[in-house]
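*Asks:* Chains as they are written, first to last, in our numbering: chain A, -12 to 83; chain B, 25 to 153.
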């Protein structure tokens, strides 16, 4: 089961020219919206001094693989406060 | 999901290439539209140059150029239903035909810019995201 605060590695199918391959996208979940088949998660990642967020529909055929790297202890259902924090201040406490 | 394109007249954008400019201001969106998004061309004027490259910069402060928007803070939709949001509004400077002036591009580029139209971007950027 996927929860808020998890670090995920998602494989997404992309088409480059004529070939199809999977590209991996890593990040922490900051929001989750349940709509049965339109279940959408927002994954945030810090890339070269800017943050990038991506909203993915999990039941789409383009989403290939999903591995959970680590879980965190959070006290919110949406972690939008992480947008104002950088580096060490944006670390989450790990839950085992 | 927000479905608007958000770059308009008077919007300030950052430059993510090594042409010497730092902050630009949008004067006009392409072909008379009211707003622009990723992959659109805009007419801009340079507001600030990078301090270290003032001697070697390829652009002049106050001049009018064209630019291609590469990332926006509002939602940039993909056709499979996913959405991208970046931390900054950025653009790269181009000439009148749409070819980039600079030799290197920093930062992530969205994958919708990987077309036959923007072939040169693939060779000077760090990769598509």
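C-beta atoms are modelled at their ideal positions from N, C-alpha and C, and glycine is treated no differently.
Since the structure is predicted, the reported quantities are computational estimates derived from the model, not experimental observations.
1) If we ignore side chains and look at the alpha-carbon of each, how far apart do residue 50 of chain B and residue -9 of chain A end up?
2) Along the chain, which unbroken stretches of the beta strand (DSSP E) at least 3 residues long are found entirely within the segment 22 to 61 of chain A?
3) Using only alpha-carbon positions, find the residue among A:33, A:-2 and A:18 that is nearest to residue 26 of chain A.
4) Going by the DSSP bridge assignment, what does residue 3 of chain A pair with across the sheet?
5) With DSSP run on the structure shown, which of helix, strand or coil describes residue 106 of chain B?
6) Could you confirm whether any beta carbon from chain A is found closer than 8 angstroms to the beta carbon of residue 149 of chain B?
7) What residues from chain A crowd round residue 124 of chain B, counting only those whose CB sits closer than 8 angstroms?
8) Taking residue 99 of chain B as the reference, give the member of A:81, A:47, A:52 and A:41 with the closest Cα.
9) Is the Cβ-Cβ distance between residue 96 of chain B and residue 61 of chain B less than 8 angstroms?
10) Quick one: does the C-beta of residue 136 of chain B sit closer than 7 angstroms to a heavy atom of the ligand NAP?
*Replies:* So, to answer that:
1) Between residue 50 of chain B and residue -9 of chain A, the C-alpha separation is close to 38 angstroms.
2) For the segment 22 to 61 of chain A, the full-length beta strand (DSSP E) segments reaching 3 residues or more read 27 to 34, 37 to 44 and 50 to 59 along the chain.
3) Of A:33, A:-2 and A:18, the residue nearest in Cα terms is A:18.
4) For residue 3 of chain A, which the question treats as bridged, DSSP gives the partners A:6.
5) Here residue 106 of chain B sits in coil by DSSP.
6) Taking Cβ atoms only, chain A never reaches closer than 8 angstroms to residue 149 of chain B, which makes this a no.
7) The premise fails here: residue 124 of chain B is roughly 19 angstroms from chain A at the closest Cβ pair, so nothing lies under 8 angstroms.
8) With distances taken between Cα atoms, residue 99 of chain B lies closest to A:41.
9) Yes, these two residues count as a Cβ contact at 8 angstroms.
10) Among the components modelled here there is no ligand, and therefore nothing to report on the ligand NAP.
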